[in-house]
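Chains as they are written, first to last, in the working numbering: chain A, 65 to 330; chain B, 11 to 369.
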């Protein structure tokens with residue numbers, strides 16, 4: 065390398081030249097997620113919204129059981145780690161006991177749509193004033209790639225080695241469409257993070273969710289369709305192609321319920 | 011002093027909850043304790059003290075609501091009965107692991123399974139030895155009167171926050187359902203936001219710039235750190251011995267002792283009178299804390315007595331701890347009824363005569 069002295073950089077590293085920095089609402093810990101996974105992007109969007117709204121001191125997050133069990137290592141906010149599936153029960157109590165706080169649960173498909181279905185549906189039906197972020201990658205990532213309620217028909221996992229079939233495993237579960245029909249939900253949307261434009265949309269959705277909490281509108285529910293290249297046993301680029309061709313055909317992106325009104329035929 | 015009322019045990023507990031400055035009650039109906047949530051819903055404490063009352067979708071949700079509320083520094087409680095408490099076991103283990111204070115009332119009914127809605131004391135093992143997974147203990151209080159159903163609420167919070175540990179109030183269907191005179195303590199205000207932050211600096215109240223983020227979790231994947239954590243919990247459970255509580259009734263000159271708690275202790279109290287009237291020197295050792303267990307005092311009493319009889323509405327659970335306390339030399343016999351049957355003082359006195367005094 066050429067001799068680049070510190071003096072040269074001194075002229076460049078100036079506040080007016082700043083184009084990017086890591087939000088202080090994320091910690092310096094190295095993300096434990098697999099390369100290519102969507103979790104890290106969603107974490108950052110969540111953290112950036114918290115920073116932009118200036119509500120770090122008023123936000124309480126809930127980490128689930130699953131790949132994001134250690135989300136509290138990466139998000140620089142007060143957080144609680146919940147038993148498998150129970151994040152929205154925790155969120156219910158925290159939100160009711162601290163009504164001026166912003167309570168956000170962060171859950172995967174096994175946590176939210178299998179073991180925690182009861183808590184999810186009842187929190188949404190009560191219209192708890194919380195934001196639920198639901199990462200749907202159609203597989204159990206943490207435990208090594210087993211069938212999730214959201215696994216697509218035909219998809220091979222370690223517990224559906226010949227592909228998901230209805231007789232054995234039942235249908236792929238669109239819980240987001242289900243909670244949208246409950247009167248307690250105010251904002252229900254499905255987003256993705258595999259393209260920059262989609263990431264920006266997700267950030268807007270998260271912002272909307274926090275604004276809804278501020279205005280005491282009830283439950284906001286954001287599904288993020290993400291890839292799990294490790295669990296799907298694909299290279300990251302192939303996983304994204306598979307996501308676009310298969311996942312998004314069944315899990316259609318976009319708003320489902322806005323301002324308490326359904327905006328899409330379910 | 012406080013107001014005197016005639017109340018059911020369950021109602022006294024609910025009224026005491028409001029007066030003790032509880033921030034949140036989360037529960038699910040189950041016989042024989044549904045009066046707790048019914049009383050709270052009728053009393054509407056959210057209009058007076060600001061206390062939150064919520065009927066959850068299940069006992070599983072209830073206990074996890076306690077986890078969330080306690081993790082955020084609030085005084086929270088639930089109540090249930092045996093099958094519902096079984097459902098809570100996972101959450102209780104998590105709360106013990108994450109060191110979260112709360113009160114859990116178990117108005118015990120007979121099991122196993124759906125069992126019966128009648129009174130029982132067959133959840134002693136579950137309350138004192140674990141029940142959920144992992145090495146943990148609860149601080150367990152056993153009320154024997156409607157008065158104690160009220161008084162153990164503030165005492166329970168004191169212990170829960172002193173040790174940062176769940177407290178179980180192990181009652182039973184008799185104490186929950188019977189009506190007695192109760193003198194209610196004067197209301198204690200709920201903690202303010204400043205008080206919560208000062209008393210619970212560990213709680214997730216929102217990360218302010220002057221401190222690191224607070225994390226409530228029972229997870230540590232590093233074996234060395236997790237071992238250290240579990241050993242710290244062990245030391246905490248051992249230190250609870252300083253708060254051991256019991257009551258001695260006619261023990262000083264006793265040759266024989268009943269050892270009992272809760273409604274069985276009330277039955278034994280009458281049996282002591284019957285036996286004393288017949289000239290037998292019998293006393294009653296009533297446990298108030300089941301964990302910590304008064305091993306030391308029972309061991310001391312074994313030297314001045316000739317035999318002990320535990321009376322429990324179970325097949326004999328606490329008797330194992332009494333035997334541990336006294337060793338092999340002391341005769342310890344269990345007398346119990348199950349299936350929801352409450353023994354009467356005459357049969358208990360007869361059992362003492364036949365199995366200990368004459369046996």
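Built from N, CA and C at the ideal position, the CB exists for glycine as well.
CB-CB length for residue i against residue j, believed under 8 Å
| i | j | result |
| --- | --- | --- |
| residue 129 of chain A | residue 147 of chain A | 7 Å |
| residue 170 of chain A | residue 127 of chain A | 6 Å |
| residue 237 of chain A | residue 253 of chain A | The pair is not a contact, with the Cβ atoms about 18 Å apart (cut-off 8 Å). |
| residue 72 of chain B | residue 88 of chain B | 5 Å |
| residue 200 of chain B | residue 60 of chain B | 6 Å |
| residue 307 of chain B | residue 142 of chain A | Not quite, the Cβ-Cβ distance comes to about 43 Å (not below 8 Å), so this is no contact. |
| residue 185 of chain B | residue 273 of chain B | 6 Å |
| residue 12 of chain B | residue 196 of chain B | 5 Å |
| residue 117 of chain B | residue 43 of chain B | 4 Å |
| residue 79 of chain B | residue 196 of chain A | In fact, because the Cβ distance is near 18 Å, the residues do not count as touching under 8 Å. |
| residue 224 of chain A | residue 208 of chain A | So it is not a contact: roughly 13 Å between Cβ atoms. |
| residue 136 of chain A | residue 225 of chain B | 5 Å |
| residue 27 of chain B | residue 64 of chain B | Contact doesn't hold; Cβ gap of about 13 Å is too wide. |
| residue 216 of chain A | residue 298 of chain A | About 14 Å; that fails the 8 Å criterion. |
| residue 255 of chain A | residue 286 of chain A | 6 Å |
Spatial neighbours of residue i in its chain, beta-carbon cut-off 6 Å, leaving aside the 5 residues before and after
| i | result |
| --- | --- |
| residue 199 of chain A | 172, 288 and 290 |
| residue 246 of chain A | 188 and 189 |
| residue 60 of chain A | One cannot answer for residue 60 of chain A here, as it falls past the ends of chain A, which runs 65 to 330. |
| residue 62 of chain B | 34 |
| residue 191 of chain A | 248, 282 and 283 |
| residue 65 of chain A | Residue placement at residue 65 of chain A cannot be trusted, given a pLDDT of 49 that sits under 50; what the coordinates show is reported in the next sentence. For residue 65 of chain A, where only same-chain residues beyond five positions count, there are no Cβ hits under 6 Å. |
| residue 69 of chain B | 38, 90, 94, 97 and 98 |
| residue 178 of chain A | 213 |
| residue 102 of chain A | 257 and 290 |
| residue 312 of chain B | 336 and 340 |
In DSSP terms, what residue i is bridged to
| i | result |
| --- | --- |
| residue 293 of chain B | B:267 |
| residue 193 of chain B | B:14 |
| residue 176 of chain B | B:112 |
| residue 200 of chain A | A:289 |
| residue 249 of chain B | DSSP, once it has assigned bridges, lists no residue as partnering residue 249 of chain B. |
| residue 221 of chain A | A:224 |
| residue 254 of chain A | A:287 and A:318 |
| residue 256 of chain B | B:297 |
| residue 134 of chain A | According to DSSP, which records beta bridges pairwise, residue 134 of chain A is partnered with nothing at all. |
| residue 195 of chain A | A:168 and A:284 |
| residue 119 of chain B | B:129 |
| residue 367 of chain B | According to DSSP, residue 367 of chain B bridges with nothing at all. |
| residue 36 of chain B | B:64 |
| residue 210 of chain A | A:204 |
Contacts around residue i, its chain only, beta-carbon distance under 8 Å, and the 5 residues preceding and following it disregarded
| i | result |
| --- | --- |
| residue 284 of chain B | 355, 356 and 359 |
| residue 153 of chain A | 146, 183 and 187 |
| residue 250 of chain A | 191, 276, 281, 282, 283, 284, 321, 323 and 324 |
Residues near residue i by beta carbon distance below 7 Å, same chain, minus five either side
| i | result |
| --- | --- |
| residue 304 of chain A | 258 and 291 |
| residue 330 of chain B | none |
| residue 5 of chain B | Residue numbering for chain B in the displayed model covers 11 to 369; residue 5 of chain B lies beyond these limits and cannot be assessed. |
| residue 4 of chain B | Summary: the structure shown does not reach residue 4 of chain B, with chain B confined to residues 11 through 369, and so no result is reported for it. |
| residue 104 of chain B | 77 and 228 |
| residue 100 of chain B | 142 |
| residue 135 of chain B | 327 |
Short Cβ contact (8 Å threshold) for residue i with residue j
| i | j | result |
| --- | --- | --- |
| residue 176 of chain B | residue 112 of chain B | yes |
| residue 339 of chain B | residue 299 of chain B | no |
| residue 345 of chain B | residue 295 of chain B | no |
| residue 328 of chain B | residue 348 of chain B | no |
| residue 336 of chain B | residue 320 of chain B | no |
| residue 52 of chain A | residue 74 of chain B | Residue 52 of chain A is absent from the structure shown; chain A starts at 65 and stops at 330. |
| residue 248 of chain B | residue 293 of chain B | no |
| residue 244 of chain A | residue 326 of chain A | yes |
| residue 277 of chain A | residue 185 of chain A | no |
| residue 260 of chain B | residue 282 of chain B | yes |
| residue 300 of chain A | residue 99 of chain A | yes |
| residue 209 of chain B | residue 16 of chain B | no |
| residue 19 of chain B | residue 193 of chain B | no |
| residue 206 of chain B | residue 115 of chain B | no |
| residue 81 of chain B | residue 144 of chain A | yes |
heavy atom of the ligand FMN below 7 Å from residue i C-beta
| i | result |
| --- | --- |
| residue 194 of chain A | The model depicted lacks the ligand FMN and carries no ligand whatsoever. |
Problem - Stretch pair the region 102–110 of chain B + the region 52–59 of chain B: three plus CB contacts closer than 8 Å - result: no
Practice task
Specify whether the region 266–273 of chain A and the region 19–32 of chain B touch according to this definition: at least 3 beta carbon pairs, one from each stretch, less than 8 Å apart.
Solution key: No, the region 266–273 of chain A is not in contact with the region 19–32 of chain B.
Exercise for the section: Taking 8 Å as the threshold, find out whether the region 106–119 of chain A comes into contact with the region 83–94 of chain A through three or more Cβ pairs. Expected result: yes
Exercise for the section: Please confirm if the region 121–129 of chain B is in contact with the region 143–152 of chain B, defined as three or more CB-CB distances below 8 Å between the two stretches. Expected result: no
Handout entry: the region 300–318 of chain A in contact with the region 163–174 of chain B per 3-pair CB rule at 8 Å
Key = no
Handout entry: Cβ pair count under 8 Å reaching 3, the region 214–223 of chain B against the region 116–126 of chain A
Key = yes
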